[in-house]
Amino acid sequence: MMSSKRSSSAAQLKEDGHSSKRQRLENNSACSEASFLSTLDIYILPAGIQKARLAVFKTQVEKYGGKVQDRFCSTANLSHIIVEDNVDMPRMKRILKLDSSLGLKVVKSSWLSLCLQNKKLENCEDYQLYEETSDSNDFLPKAEIASNHNKSVELSRPTVTSNLSDYESSDDNDEQKNEKTAIFNVSHIKSPQTEKWICAQSSKSPKPNINKHITDKLEEMVKTYESTNDRWRALGYQKAIQTLRKHPKEISSWEEAKSLPGIGTRLADKIWEIAQSGELRKLKEFESDEELQVLKMFTNVWGAGPHTAQVWYQQGFRTIADLQQKAHLNHQQKVGIRLYDDFLDRMPREEAAEIERVVKNVAESIQPGIIAEICGSYRRGQATCGDVDVLITHPDGKSHKNIFHKLLAKLKESGFLTDDLVSAEETGNQKKYMGVCRLPGPNRKHRRIDVIVVPYNEYGCALVYFTGSAHFNRSLRHLCKKQNMSLNEHALKQGVVRKGKEKIHEGTIIPTPTEEDVFKVLKIPYRPPEERDH
Ligand code: 8DG
Ligand code: MG
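In UniProt numbering, the protein residues as written are 1 to 534.
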């Protein structure tokens, strides 16, 4: 199932990444001809400005004809000193060891952002910091100015790292800490408590994602972090993507990115870097890092997680062919490798519907009145599906018990099911099969299929769970925790007592025969499946 998720974002990129990429290239080349910043010769005070943002400023200012001094020198003919918005004049002077501003224009960094955004030299008056008046020491005697000539401040340069271990530790923690806020929503508008939760909102945005050029790059970052088992970072990026998708306007400043829920300074740096340059250096580093690329490829093998991928890499394997020929593979991995390309390809929803019909017809022939419903991305209305998740139950509350093995046997007999991955996983009264199917006829691909059989009294919760999205489900579970409840694919419980992460009391089941009941008990508006595609 995890691999289908990965391929999901890959497919989305394949589907619509092309035109926006071309567009951005065109924009970039048009802008590079302009030199609207040619009158700028600036020093950017690094205090409070993240390295990556500083680097973007430098690149962009120079791209548009301006100069950025790496060191501060009081005699240089600077046009402006740029400071982070929260830095005031006394602090700036303290840092640069100045007794006066030397008559230089000291301007907030948001002015520079504005110029870059609008591709013109904006009036800086509203962004300028002024000297406190009435101070007779405003201007230094010449001799003292001279002594300041040699006082310079190093502009810290971004360092390039080529592996995953040594960057962005502090602030990603920040983003991790934001896990809770990120599960909440994304709009800045103040609203009643439950409305803030992702699960209380519709995923349908009134506007298309206008920050797609940014979210596409962040999606690539997610895939890389997933392949190295850096789940926290992957989650942080995923949440930022959700937030950005819903943001009603194109990100036009670092401050705007930073102000969004769940977006810390490091992520804001990255978002702003993409917004400014159309590129993300970190991603470029990843793309040219052989190990990361191989790990990504290996984790796309069904049945191989980040750990296995790492072991294979350490054993010297670099290609899928290497694995096929030399690696010690379990059954699932053998299937995953044999059908590698098919599994990476998302099927059109029409094909998923055909697969559902086959399963439904066979199930009905075994047990009349059976309910077989396709969940997952299909039910949420996505145009393509990574796999088919079929949920089966029977309204009489007992006939579901006999269906599982009979159904699978018949589907195998007809040649529809071609390979088993996990032939029977039991959780409580639910049974799950994970395997591979192929529709009859020429040029059909192998597709991943999950068949889950559940008792009727668990159907409401199972439908919610297997419909997802995973992000929507996470939000539901967090909301439950807040109300001393718990939710999984089996049941919704109340009166749960937790001590830290541990459940001291399991709570008692609240009957939720339908999905609507789950929403009702949690006191959030019902969202049809297509509005849960967060
Ligand atoms: P896809 O197959 O088109 O890629 O997307 P999907 O249908 O949404 O994902 P899936 O991998 O088939 O999983 C089906 C549902 O299972 C998913 O929508 C929500 C639920 N689910 C969770 N948590 C998790 C989880 O950790 N991993 C996976 N794979 N599914 C989860 O609630
Ligand atoms: Mg699915």
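C-beta atoms are modelled at their ideal positions from N, C-alpha and C, and glycine is treated no differently.
Give me the Cα-Cα distance between residue i and residue j, rounded to the nearest whole angstrom.
i, j, result
"GLN325", "ILE337", "11 Å"
"ASP387", "LYS432", "14 Å"
"PRO525", "THR512", "15 Å"
"CYS199", "ASN77", "56 Å"
"ASN123", "ALA34", "18 Å"
"THR228", "GLU515", "36 Å"
"HIS505", "CYS461", "20 Å"
"HIS478", "GLU125", "46 Å"
"ASP322", "GLN310", "14 Å"
"GLY507", "ASP389", "29 Å"
"GLN314", "ALA327", "11 Å"
"LYS120", "TYR340", "50 Å"
"GLY415", "GLY441", "11 Å"
"VAL56", "TYR64", "12 Å"
"ASP481", "VAL335", "Looking at the sequence shown, residue 481 is not Asp but Lys. Their backbone Cα atoms lie some 39 Å apart in a straight line."
"GLN367", "ILE392", "11 Å"
"SER475", "TRP197", "7 Å"
"SER253", "LEU102", "29 Å"
"LYS151", "LEU96", "Summary for LYS151: the model assigns pLDDT 29, below 50, so the residue's position carries little reliability, and this model does not support an answer."
"ARG349", "GLN69", "55 Å"
"GLU220", "GLN430", "35 Å"
"LYS520", "ALA353", "30 Å"
DSSP has residue i in a bridge; who is on the other side?
i, result
"HIS505", "VAL497"
"GLU373", "LEU391"
"HIS80", "ILE42 and LYS105"
"MET434", "VAL422 and ASP450"
"LEU492", "LEU487 and ILE510"
"THR299", "Looking at the DSSP assignment, THR299 forms no beta bridge with any residue, so it has no partner."
"GLN128", "VAL107"
"CYS115", "Partner(s): none; CYS115 has no beta bridge."
"CYS385", "MET347"
"LEU417", "CYS437"
"THR308", "Its beta-bridge partners do not exist; DSSP assigns none."
Enumerate in chain order the residues of its own chain whose CB-to-CB distance from residue i is below 7 Å, with the five nearest sequence positions on each side excluded.
i, result
"GLU250", "ILE210 and ASN211"
"GLY435", "LEU417, ASP419, ASP420, LEU421 and ILE449"
"LEU280", "LYS217, LYS270, GLU273 and ILE274"
"PRO312", "The identity of residue 312 in the sequence shown is Trp, whereas the question assumes Pro. Contacts found: PHE298, LEU323 and ALA327."
"HIS534", "ILE198, SER203, GLN242, SER469, HIS471 and PHE472"
"GLN117", "SER252 and SER253"
"GLN333", "VAL301, GLY303 and ALA304"
"LYS258", "THR265 and ALA268"
"ARG379", "THR467 and PRO529"
What residue does the beta strand (DSSP E) around residue i start on, and which one ends it?
i, result
"GLY316", "Where GLY316 is concerned, there is no enclosing beta strand (DSSP E), given that its DSSP letter is neither H nor E."
"residue 615", "In the structure as shown, the chain begins at 1 and stops at 534. Residue 615 is therefore absent and cannot be evaluated."
"ARG447", "447-453"
"residue 539", "Shown here, the chain extends from 1 to 534; a query on residue 539 therefore has no answer."
Quick one: give me the first and last residue of the alpha helix (DSSP H) that residue i is part of.
i, result
"THR265", "265-277"
"ARG231", "231-246"
"ASP342", "340-344"
"ILE355", "349-366"
"GLN60", "51-63"
"PHE466", "459-467"
"CYS480", "470-482"
"ASP289", "Premise fails: ASP289 is in no alpha helix (DSSP H) and is neither H nor E."
"TYR225", "212-227"
"ASP517", "515-521"
"GLN325", "320-326"
"GLU255", "254-258"
Ignore the nearest five residues each way along the sequence and tell me which others in residue i's own chain have a CB closer than 8 Å to its CB.
i, result
"PRO306", "GLU226, SER227, THR228, ASN229, LEU295 and THR299"
"ARG444", "ARG438"
"LYS67", "LEU40, ASP41, ILE42 and VAL61"
"CYS115", "PHE36, LEU37, LEU121 and GLU122"
"ASP396", "GLY369 and TYR456"
"THR427", "GLU489 and HIS490"
"ARG24", "Model confidence at ARG24 stands at a pLDDT of 35, short of 50, so the residue's coordinates are unreliable; what they give is reported in the following sentence. Here the set comprises HIS213 and GLY278."
Could you pull out every residue in the same chain whose Cβ sits closer than 6 Å to the Cβ of residue i, ignoring the five residues on either side in sequence?
i, result
"VAL497", "ILE504 and HIS505"
"LYS360", "ALA372"
"LEU129", "MET89 and VAL106"
"TYR459", "THR393"
"ARG406", "Reading off the sequence, residue 406 comes out as Lys, not Arg. Contacts found: ILE366."
"VAL222", "ALA234, TYR237 and GLN238"
Do we get a CB-CB distance below 8 Å when we pair residue i with the residues of chain B?
i, result
"CYS437", "The structure shown contains no chain B, having only a single protein chain."
Exercise. If you pair each beta-carbon of the segment 69-86 with each one of the segment 284-304, do three or more pairs fall below 8 Å?
Worked result: no
Problem set entry | Three or more C-beta pairs below 8 Å linking the segment 467-487 and the segment 400-413 | no
Problem set entry | Validate contact between the segment 231-247 and the segment 281-291 using beta carbons, cut 8 Å, 3 pairs | no
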